[in-house]
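Protein chains: 2
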Amino acid sequence: MQKAAIERNNETIAAQLTPVGRETVQDRVYSELRRALIGGLFEPSQVLTIRGLADALVTSTMPVREALGRLITEKALEALPNRSVRVPPITLERIDDLLRARSLIEGEAIALAATRMNPRQIASVEAMLGEWDEMRALKHKKDIDREATLNQSFHFEIYRCCGSAVLIPMIESLWLQSGPCIRVAIYAFSDAGEVDTAHYHRSIVAALARQDAQAAREALVADISRPFAFLRDKLQSASKEGLRA
Amino acid sequence: MQKAAIERNNETIAAQLTPVGRETVQDRVYSELRRALIGGLFEPSQVLTIRGLADALVTSTMPVREALGRLITEKALEALPNRSVRVPPITLERIDDLLRARSLIEGEAIALAATRMNPRQIASVEAMLGEWDEMRALKHKKDIDREATLNQSFHFEIYRCCGSAVLIPMIESLWLQSGPCIRVAIYAFSDAGEVDTAHYHRSIVAALARQDAQAAREALVADISRPFAFLRDKLQSASKEGLRA
DNA sequence: TGGTTTGATTTGTGATCACACTTGCTTTGA
DNA sequence: TCAAAGCAAGTGTGATCACAAATCAAACCA
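Heads up: the protein sequence lines correspond to chains A and F, in order.
All you need for my numbering is the position in the first sequence, starting with 1, plus 8.
All you need for my numbering is the position in the second sequence, starting with 1, plus 8.
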């Protein structure tokens with residue numbers, strides 16, 4: 009077979025095959041734990057063990073311990089002096105601290121995005137708005153997970169447009185840290201009246217559409233402040249009616 | 009021996025002994041690599057191997073690979089598709105990106121610190137100013153390392169006063185990322201005229217002393233902008249005179 | 001009965017090994 | 001002479017083992 013023919017043949021094959029990728033076990037464990045953390049599947053103060061997770065994920069301890077180490081360095085988990093690791097507990101100071109950091113950094117990211125998003129990108133996030141309404145309309149019981157996922161996609165779709173390779177990992181770290189807290193608030197939300205978050209998202213999109221960075225920032229801060237404020241009240245009243253260890 | 013007596017004896021001993029701590033090998037490796045990275049001991053684009061570092065640090069590969077994994081997640085190092093790891097290369101976009109993030113977050117941290125620092129803390133950082141002048145006076149050749157260390161202490165002494173357990177790790181991550189870049193600039197500084205950075209530090213301390221958050225933020229941004237601007241010019245002129253791989 | 005001690009189990013840490021993939025060089029064949 | 005195949009050294013990944021520290025529980029003594 010001549011060289012040209014082989015070349016052409018390879019190209020034909022390449023066009024039909026999709027790259028298989030080479031994700032390591034460690035990467036999968038890490039992604040899975042991230043997902044669980046952001047989704048709030050672990051409770052604050054819950055202790056995690058390497059062997060326990062390894063069994064649950066059906067791997068050996070090695071990939072798990074490395075994934076845990078990574079999560080500890082980004083403050084998504086906490087290393088106790090006992091060497092055991094737990095998801096960080098909720099405190100009032102931590103809630104305020106996280107909200108301030110998120111407002112600052114995500115606010116900056118969306119302000120940057122507002123000046124950079126092209127019509128196509130804006131249309132893309134606008135489409136997610138519709139998806140949101142759609143989901144809200146049929147009111148499944150799995151709403152909460154779905155809502156959280158969709159909410160995350162919505163925000164990061166915007167942040168990705170800020171064009172900063174430095175800010176985005178920081179935002180991911182912040183979501184990782186506030187995930188377990190937020191979930192508590194979300195559950196309470198769906199019990200309480202729950203003004204629709206879609207309203208907030210709509211005003212974010214509106215601000216982005218007219219490239220109003222300041223308005224986008226303010227709308228975003230209003231959006232992310234809600235669950236934190238809710239959680240804050242909940243925590244304060246809980247500690248008032250009787251403090252327990 | 010009675011219980012009370014034993015108790016008292018233990019307390020006496022405890023007062024004289026300093027806690028030995030229980031740092032793992034992995035922690036030491038991690039700290040050492042951090043120090044090297046912030047100090048700019050590794051060059052941008054340099055490739056690091058697990059076994060190579062393990063030999064250099066006289067340990068086995070295990071602690072090194074876990075430390076490398078942690079550094080990769082905080083973007084202090086970069087994982088190539090080959091699975092080898094290197095210190096991230098310098099690009100113009102990355103420089104601007106890092107400076108923007110640092111101005112935003114360190115600016116916020118110092119603004120918070122300005123409103124919270126007590127006279128004792130202010131006196132503490134003011135004392136470092138004197139130490140700086142002292143060092144500058146005798147002009148060793150080891151100036152650069154010493155300067156870098158002192159500069160780091162100065163900044164983090166202030167940041168620690170911001171009272172945010174969320175912002176500080178982010179700042180550490182940013183220093184880790186800009187370390188290799190900055191070092192390049194520092195070297196060039198000491199060749200060039202080098203207006204003294206002490207001047208900038210003095211105006212930072214002055215702003216903190218009168219609790220002027222806005223002035224402190226501006227003085228800080230001016231301080232950290234200098235090496236970045238310097239590096240930026242250097243890079244631009246280098247790419248202008250001929251681009252090489 | 002209450003507090004202490006002792007022992008077994010669990011857990012994290014580090015070392016070592018086996019395996020697969022990459023890389024660079026040598027060898028081979030046209 | 002040159003390109004492709006093959007080989008060898010080096011590298012990251014994951015599994016397993018050994019060990020020390022922590023935890024928990026039962027047994028023990030006062």
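Glycine is no exception: its CB is placed at the ideal position from the N, C-alpha and C atoms.
Everything numeric in this text was worked out from a predicted model, so none of it was measured.
- Here the alpha carbon of F:S111 sits roughly 27 Å from the alpha carbon of F:Q54.
- The residue from A:G171, A:L49 and A:H209 with its alpha-carbon nearest to that of A:S186 is A:L49.
- Taking the Cα of F:D141 as reference, the smallest distance to any Cα among F:N159, F:M125 and F:R128 is reached at F:N159.
- Any Cβ of chain F closer than 7 Å to the Cβ of A:D35 would place that residue at the interface, and such an atom is absent.
- The C-alpha of A:S132 lies about 30 Å from the C-alpha of A:E82.
- Per DSSP, reduced to three states, the secondary structure at F:R94 is strand.
- Contact check for F:T123 against F:A221 passes: the beta carbons are separated by less than 7 Å.
- Going by DSSP, A:R43 is part of the alpha helix (DSSP H) stretching over V33 to I46.
- Taking a Cβ-Cβ threshold of 7 Å, none of the residues of chain F is close to A:P235; the smallest such distance is about 16 Å.
- Linking A:M178 to A:R108 through their CA atoms gives a straight-line distance of about 14 Å.
- One finds M178 in chain F with Cβ atoms closer than 7 Å to the Cβ of A:M178, taken in chain order.
- The contact set of A:Q185 on chain F, defined by CB atoms closer than 8 Å, consists of V174 in chain order.
- Proximity to A:I190 across A:S92, A:D63, A:T26 and A:F236 peaks at A:F236, based on C-alpha coordinates.
- CA-to-CA, the gap between A:L88 and A:I58 works out to about 14 Å.
- Sorting A:P97, A:G115, A:E101 and A:H163 by C-alpha distance to the C-alpha of A:Q129 places A:H163 at the top.
- Distance between A:T67 and A:S92, taken at the CA atoms: about 19 Å.
- Interface flag for F:L100 against chain A is unset, since no Cβ pair is found closer than 7 Å.
- A straight-line Cα-Cα distance of about 30 Å links F:L175 and F:L243.
- Taken in chain order, the members of the region 67–80 of chain F whose beta-carbon sits within less than 9 Å of a beta-carbon on chain A are R73, E74, A75, G77, R78, L79 and I80.
- Residue pairing for F:A217: DSSP places it in no beta bridge.
- When beta bridges are read from the DSSP output, A:E86 appears opposite A:R94.
- In this structure, the straight-line span from the alpha carbon of A:E226 to that of A:L120 is close to 13 Å.
- For the region 102–116 of chain A, the set of positions with a beta-carbon nearer than 8 Å to some beta-carbon of chain F reads R102, D105, L106, R108, A109, L112, I113 and E116 in chain order.
- For F:L56, the three-state secondary structure derived from DSSP is strand.
- Apart from the 5 residues on each side of it in sequence, A:I80 sits with its Cβ closer than 8 Å to the Cβ of E86, A87 and V93 in its chain, given in chain order.
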